[in-house]
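Notes follow once the structure below has been shown.
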Amino acid sequence: MTAQPTPREPSGDVLLDVRDLHTHFNVGGGVLSGGGDVVRAVDGVTFDVRRGEIFGLVGESGSGKTTLGRTILGLAPATSGSIRYGDHDLATLDEKRFRPLRRRLSMIFQDPNASLNPAMTIAQGVGHPLRIHGITSDRAATRAKVAEMLERCGLAPAERFLDQYPEDLSGGQKQRVVIARALVTEPDLVVADEPVAALDMSIRAKVLELMMDLKDELGLTYLYITHDLSSGKFVCDRMAIMYLGQMVEWGDAEGIYDDPQHPYTRALLDAIPLPDPSRKGRDRQLPRGEIPDAVEPPAGCRFHPRCPAAFEPCGWEGRDLVDAIEERWTSVGEDVFERELALVGDLQKAAVGRDEIRFPAADAGALRSWLEDVGPQLPAAVASGIDTVEEDGSDVVVRFRWGPEPGQQDVAGRRVACHLHGVVVRPDGDHVGTPPADRVS
Amino acid sequence: MPTATAPDVGTGAPVDERSSLRRRFDHAIKPWRRANPMARWLVIAGLLITSGFGFLALFPDVVAPYGESQYQYVVGTTDETGPGGEACGRGAECEQIPRRAEPGAGFPFGTTSARLDVFSRVVHGARVAFSIVLMSTALAMGIGVPLGLYSGYRGGKLDRVLVTLMDAIYVIPGLLLAIIVAFVLKQYFAPGLASAAIAVGVVYVPQYFRVIRNHTLSVKEEPFVEAARSMGAPPRTIIGRYVFFNVVQSVPVIFTLNAADAVLTLAGLGFLGYGVPFPQAEWGLDVSRALSDVVSGFWWTAFWPGLAIMLLVTGLTLVGEGLNDIVNPLLRVKGFKGKVPKRGEPTPEAEAEVERQMSQTAKRENA
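Spelled out as structure tokens, the structure:
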């Protein structure tokens, strides 16, 4: 690094172009049971990062944002798709050919207490990438470069820190060391995985400010991963909202804050606490429940079971009806519950499928009319997805409407995956039911 | 310079003037300083005993009046007097060491029926014990540690195979395994120090392997290992510089505890006749040769080598247990502030712990 680095102009050319990226993990599956389940941690993500910008990846824990960052850096193997970086496709590079590129792609980790090797001094730890890539050849040169970078990161005088061990530093200082280590090889792209989440509130702003200054000075591009929409607001140029491995909305950050187009984005924004007593009791639309199990994500739109605005084509399926009936029973009186339990029978015995659900009922006719009557009152608008309720012998079969998984469409200059803006079908998605005749091309 | 040059860095502490070597040393002995005094005394007592035997092992001829297989000594002077009894056959006037002399002036630990001085044998036995313990633990460490590191880091099928193999070795009782190995080695090599060391060493390979492998498994999940990958370090570097230095602290503990056990295994081998062959002084062998003496009332031939075994095992165990306390923070007694010349006050945790202990004591007294 020269004393006066030439800042690269944020010219807007594409630094990283990610197309239909999938990262799947096998979970479970012992020696005997074979395959086990597949978690689709990143499931068909397409976006691009422009040189010089800060691209935010925002989502709840379990949304796949960290896995996406790790996949881009080759730390988690991509299952399919492509990541264009210059002339390389990072998704298909093997570890050995990836290694030389790593000086241009670095990562800042969430927990500064765990991401520094406790057995290395600061000089050794920060200088190690330089030695690995052969940027400096002798100890003195490495130390000089490390010292320069440490001072740039606000650890001055560097001599005080060079021979310290990580345990001698405070959390904020450690994170500065982690940042120095990430930047010492003069990277293009820095993946910052919740870089301030583990820090005290009082230090967060300072570290963020440092990252912003270094970005301008060194011409960096950040992929900023966070669960904290409010910090993303100050930082990101563009951002993507992730949910269960997919991007539900991505584009210009300001637009996302001002005019969210996906109900999930809106819910996340509503969840930000505001220090404004006049807004107490405002109509906040928070998503119901928890983020679902990624092993079996909901069909159709993955957000539909929690979505406050879900409607007919969102992909209602068998287990949504079971959940809705159970939820109803938690709120009705005991006599109603007893009567309806006798009618529906044990919910465990229902054959729950994606397109239909089959209740073995004592009195099929009564159950059918109950479903037709009570259906509209069930929570989560699940009834809107019910196509037919039929008696089949002693069973009652509920069939669901066509509920395709939404594809991305342009809304207000952003890419949004939501049926509220018109039903767009994702070609490789998990759909419920069969499309109506007029949709079959 | 960025404007964010942090004001939070200036914590007011003066710039540390200690040299970098000095700081590394301080870092290395930090656990020692933080350990509780009991653990430190265990280590010091153990080290005293062990280093006493170490001195005997290094300079047996300074302490022992006779050689390990010497049964006569020079009394008259001739031109060819050697330092020991070597000249006896060549004209020197020699006298034989008496048989079965009681412990006394000339022979502090007595003599055996084969005219050997028990004291000299015990002193020379320390050399055999030390060299075999060192060789065998070096062997066990040399195989167990790299294998454990590699197996733990790579994981997968190789790991399963190695773990199963090591467990298979581990289920065989140590002495039995050593006998089997010694027996097999006897077919190919003349019995001696090396084959005894191998026989004893094989027993301890699984212990190093298991401890290092399991520790590696947990360390490799640490974010700093992923950080090393993300900066482009090849696996060799990651294992060598990131994993190894974070698992190595358990090695001294296993080393000392194994060394104590190895002394016993070696003695057991010698007792059963599979250790080093006779003229060499080995405590287990001496005890076994003294068995018939005990029946006829000559207690001293078995007593002293036995005592030596016990003392050395005790010394090494004390060091091992003490180190275990010091190195393994879970065993460390909390609340002890240690003698760290900290520039500040005791840590809040320490204070809280002291309070907790005091309140517990109060409760106990009330009850």
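First to last, the protein sequences are chains D and C.
Its first residue numbered 1, the first sequence is counted upward by one per residue in my numbering.
Its first residue numbered 1001, the second sequence is counted upward by one per residue in my numbering.
Cβ atoms here follow ideal geometry from the backbone N, Cα and C, with glycine treated the same way.
Remember, predicted model here, so these are calculated numbers, not experimental data.
Nonlocal neighbours in the same chain, by C-beta distance under 7 Å from residue i, ignoring five residues either side
i: Gln17(D); result: Reading off the sequence shown, one finds Asp at residue 17(D), where the question assumed Gln. Here the set comprises Asp48 and Arg84.
i: Thr136(D); result: Leu130, Thr142 and Lys145
i: Glu312(D); result: Ser384, Gly385 and Arg401
i: Phe1109(C); result: Pro1103, Val1118, Phe1119, Val1122, Trp1300 and Trp1304
i: Ala1045(C); result: Leu1318
i: Ala412(D); result: Gly255, Asp259 and Gln261
i: Phe1298(C); result: Arg1100
i: Lys1342(C); result: No answer about Lys1342(C) holds up, because its pLDDT of 44 lies below 50 and its placement is not dependable.
i: Leu116(D); result: Gly125, Pro166, Lys174, Val177 and Val178
Beta carbon proximity, residue i to chain D, threshold 7 Å
i: Tyr1153(C); result: no
i: Lys1337(C); result: Because the pLDDT at Lys1337(C) is just 46, under 50, the model does not fix this residue reliably, and the value given afterwards should be weighed accordingly. No, its Cβ sits nowhere closer than 7 Å to a Cβ of chain D.
i: Ser1020(C); result: yes
i: Ala1035(C); result: no
i: Phe1224(C); result: yes
i: Ala1028(C); result: no
i: Ala943(C); result: There is no way to answer for residue 943(C), as the model of chain C reaches only from 1001 to 1367.
i: Val1219(C); result: no
i: Leu1311(C); result: no
i: Ala1227(C); result: yes
Proximal residues of chain C, C-beta to C-beta of residue i below 7 Å
i: Ala119(D); result: Phe1245 and Asn1246
Chain-order list of residues whose beta-carbon lies under 6 Å from that of residue i (same chain, five-residue window excluded)
i: Gly1174(C); result: Val1203 and Thr1265
i: Leu1312(C); result: Phe1053 and Val1263
i: Ile54(D); result: Tyr222, Tyr224, Val235, Cys236 and Asp237
i: Ala1057(C); result: Ala1126, Arg1127 and Phe1130
i: Leu1177(C); result: Val1203
i: Gln246(D); result: Asp43
i: Pro1060(C); result: Val1123, His1124 and Arg1127
Contacts of residue i in chain D (Cβ-Cβ under 9 Å)
i: His1215(C); result: Within chain D, no residue comes near His1215(C); the closest Cβ sits about 13 Å away, beyond 9 Å.
Residue-level contact to chain C via CB, residue i, 7 Å cutoff
i: Leu468(D); result: Shown here, chain D extends from 1 to 441; a query on residue 468(D) therefore has no answer.
i: Leu199(D); result: no
i: Leu90(D); result: no
i: Pro129(D); result: yes
i: Ser441(D); result: Interpretation of Ser441(D) is limited by its pLDDT of 47, a score under 50 that renders its predicted location unreliable; no figure is taken from the coordinates.
i: Ile132(D); result: yes
i: Leu75(D); result: yes
Residue i, DSSP secondary structure in three states
i: Ala412(D); result: coil
i: Glu390(D); result: strand
i: Leu26(D); result: Residue 26(D) is actually Asn in this sequence, not Leu. Three-state DSSP puts Asn26(D) in a strand.
i: Gln1072(C); result: strand
i: Tyr243(D); result: strand
i: Arg40(D); result: strand
i: Val1251(C); result: helix
i: Val49(D); result: strand
i: Glu209(D); result: helix
i: Trp250(D); result: strand
Under 7 Å by beta carbon: chain D residues contacting residue i
i: Arg1289(C); result: Going along chain D, no residue has its Cβ under 7 Å from Arg1289(C), so there is no contact; the nearest lies around 49 Å.
i: Arg1023(C); result: Asp163
Chain-order list of residues whose beta-carbon lies under 8 Å from that of residue i (same chain, five-residue window excluded)
i: Val1340(C); result: Here Val1340(C) scores only 45 on pLDDT, less than 50, and its place in the model is too uncertain to base an answer on.
i: Gly62(D); result: Leu244, Ile291 and Ala294
i: Leu57(D); result: Lys65, Leu68, Gly69, Leu223, Tyr224, Ile225, Thr226, Met239, Ala240 and Met242
i: Gly433(D); result: Asp355, Asp387, Arg399, Phe400, Arg401, Trp402 and Gly403
For the segment 1230-1242 of chain C, which residues have a CB atom closer than 8 Å to at least one CB atom of chain D, in sequence order? Residues Ser1230, Met1231, Gly1232, Ala1233, Pro1234, Thr1237, Arg1241 and Tyr1242.
Can you give me, in chain order, the residues of the segment 94-116 of chain D that have a beta carbon less than 7 Å from any beta carbon in chain C? Cβ contacts with chain C: Arg99, Arg102, Arg103, Ser106, Met107, Phe109, Asp111, Ala114, Ser115 and Leu116.
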